[in-house]
Every structure is written in structure tokens, then in C-alpha cells.
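Each residue of the sequence shown is one higher than the one before, counting from 86 in my numbering. All residues carry an ideal CB built from backbone N, CA and C; glycine is no exception. Right, one structure below, let's go through it.
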Amino acid sequence: MKSNRRDFLRITGMAGVATLIPFKNLITAETVPGKTDECVLIPTETAGPFPLDLTDNSFFFRQDVREDKTGVQLNLKMKIFGLENCEPMPNVRVHIWHCDKDGLYSGYGDQAGFTYLRGWQMADANGEVEFITILPGWYPGRVCHIHFQVYVSSMYAAISQLTFDVDTKNFIYTSNPDLYTKGTDPVLPSEDGVFADGYEYQIVNLSPNAETGGYDSYLEVTVQGSGTTGTGYIEKENAKQFRLGQNYPNPYTDETTIPILLLHPSDIKLELWDLSGRKLYSTERNSLFAGDQSITVNPGHLGLSAGSYVYQVQVSNSNGIYRDSKMMTAGR
């Protein structure tokens, strides 16, 4: 199981399937004050000293990144746009990582070997990803922040950071003194060197969520692209062997069809994965001729609930083994 999952995540640079955890009261673009229809490239920020490499580590493909870390629950939703046409970008991978309530990062110093508060997801048909985490704490010299990376292709990834509405953030800190023992954050975004060039497109509000007792945040992120995933070395090599299309219809309420164009006679394996990185379904078709192929999937017949899933197609032929993945969404 571990080797299969590692291949899925490593080769494609994408990942997983799943039933989305509901974010019923999550902020949307329409509720963000000052939101316009213009797309502005997200500022590039340093990855910081604590990024680790989430690309090849399958463990980090997950929606809930908290592990055993305590703190006020934060439901973070991000929507990715392509700068060239201001359209949502599906099927791109988004990484997040941040410190815990005490300002500590997993994987470094006396936290070596720990993996908390790191993870990645794949954008759905609306270009959206959702994470469940905690409101980070702060540490000297930096305002409270979350690092994120939008992995568009094997050749391009945008790296930036986000921060929070100051008043609400400090209210949460002072209202939970047993958790956030350092008290209010002494640094303003304008005083943080990382955000010295401005933070207009990197600050998010914190909206109370009565159901979870935590808070919801929403951020729109524009990266280089045209509303579709980019092309790098891996993508070019795949294109010499096959093309994986977006399932249709998508979203769907019953069954959906996955189109595949084979450029050489090949064997095909289809897998469905959930947001926790679990493989839920697999099927194979062997000795297929070059040309248009398709696989029909009905998650309801497979006993899967409504939600978003990632499908991976593995193509095997005389030239090697190639993989690609995309997100699909099943309605009720």
C-alpha cells in the first residue's frame, strides 16, 4: 500500500480522492470586503527556513493537518486562478505549512521527526482546496502567518504566505489564554519584513464557525497560468504516451466518463483516492489499442459518498510506466 501510494504522489505530482469535509459556514469570495473581479499575481515570498519537501512524501497528502496539535480550529479555503485569463485552475496542487500555537515548526530542531501542520491538497473543478488546521501562534520577528505553495507543474510553483486580520487574531489569542500562552501578536503585518512590499492580497479575515467552534478563512490566489495546469518535464513525457482528459460531466450526480487518448498500445489502470490518501477503488484494462478510450465510473455503485475524488490513470507500454491525475466531484 505504501509503495503504491508513493508512486501515485511522486510520479504525477498530484494526488488523492475524497469525500470533502463540509465547510458549511465558510467565507466565499462574495463575502470578502473589497473583493474585485481583477486577478493580480500573488506576491512571491520566501519559503522560509522550514518548508521541508512535501512533493515526494505521500504522508502529507491530507486535508486535516493537525495531528495531535491543539489550538483554535481554522478551516482554510483557497481558490486558485490563472493570471492569463483569470479563470479558476483545477487539478493544481496546493501545499501549506505553518508553526503550532507556540511558534514551533515540525521537522526541525527538537521537533525533528514530527510532521504536524503540513499538508497538501488538489484543486477541484472550481480551483478550490480546503484544509483543516489550527490558527498558528507567532514567534519573535514574524507576524502570525501560513506558508503556501501552488504547484502548477513540474517546472513551476508559486510560493507565498498569508496572514490574518489583526484584531480578530489577537481577540482569539486573548480569549484562549490556556492555548495561546504568549498573548497577543506584537508584530503588525506592516512591520514584518516578509510583507514589507505590501500584503493586500495576502491578508484573510477570520469568520466564526458556530458548528466547529473555530474560524473560517478564505483566500484567492492568482498564479502564472491560463486556467489549466502547466507543462514541465513530466507532463511533456506523459504527452508522448497518452492524454488524460477531464471527466464529464463534472460535477456529476450519477456516473461519469473519464476520457483517455492512447498514443501507443497500452495497459491502463484506474484508481480512485480520498483526501486522506486512501485508495478506494482500482480497475485495469489490458492490451488496448492506440486511440480514444474511456472508463465509466459510478461512485454510488462503489459505495462511495458524494464529494470530491482524485482519479489516477496509469499507462503501461513498451516505453515505460506513466501516470497522471485529476480531480472529480460527485454530487448527491
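The alpha helix (DSSP H) enclosing residue i, as first and last residue numbers
i, result
"A295", "A295 -> no alpha helix (DSSP H), and no H or E assigned at all."
"E356", "Where E356 is concerned, there is no enclosing alpha helix (DSSP H), although the beta strand (DSSP E) it sits in stretches over S351 to W358."
Limits of the beta strand (DSSP E) - the one that residue i falls within
i, result
"S245", "Y241 to F249"
"K164", "Q158 to G167"
"G204", "R203 to M207"
"V235", "I231 to S238"
"F216", "E213 to I219"
"W182", "R178 to W182"
Nearest-angstrom Cβ-Cβ length linking residue i and residue j, presumed shorter than 8 Å
i, j, result
"V177", "Y236", "6 Å"
"S379", "T342", "5 Å"
"F233", "V179", "6 Å"
"D409", "V398", "6 Å"
Pairwise C-alpha distance: residue j and residue i
i, j, result
"G212", "G278", "30 Å"
"T155", "Y286", "28 Å"
"G362", "P225", "35 Å"
"G192", "N142", "13 Å"
"E169", "A243", "15 Å"
"R370", "D149", "34 Å"
"L291", "P271", "18 Å"
"V308", "K254", "27 Å"
"N335", "A210", "8 Å"
"V157", "G222", "10 Å"
"F145", "I217", "13 Å"
Buried/exposed call for residue i, threshold 16 Cβ in 10 Å
i, result
"K321", "exposed"
"K186", "buried"
"Y265", "buried"
"E296", "exposed"
"E305", "buried"
"E215", "buried"
"F374", "exposed"
"L273", "exposed"
So within the region 350-414, which uninterrupted alpha helix (DSSP H) runs reach at least 4 residues, ignoring any that extend past its ends? Runs found: none.
For this session: Entirely within the region 276-348 and at least 3 residues each: give me those beta strand (DSSP E) ranges in chain order.
Result: Runs of the beta strand (DSSP E) lying entirely within the region 276-348, each at least 3 residues long, are 292-294, 299-308, 327-329 and 341-347 in chain order.
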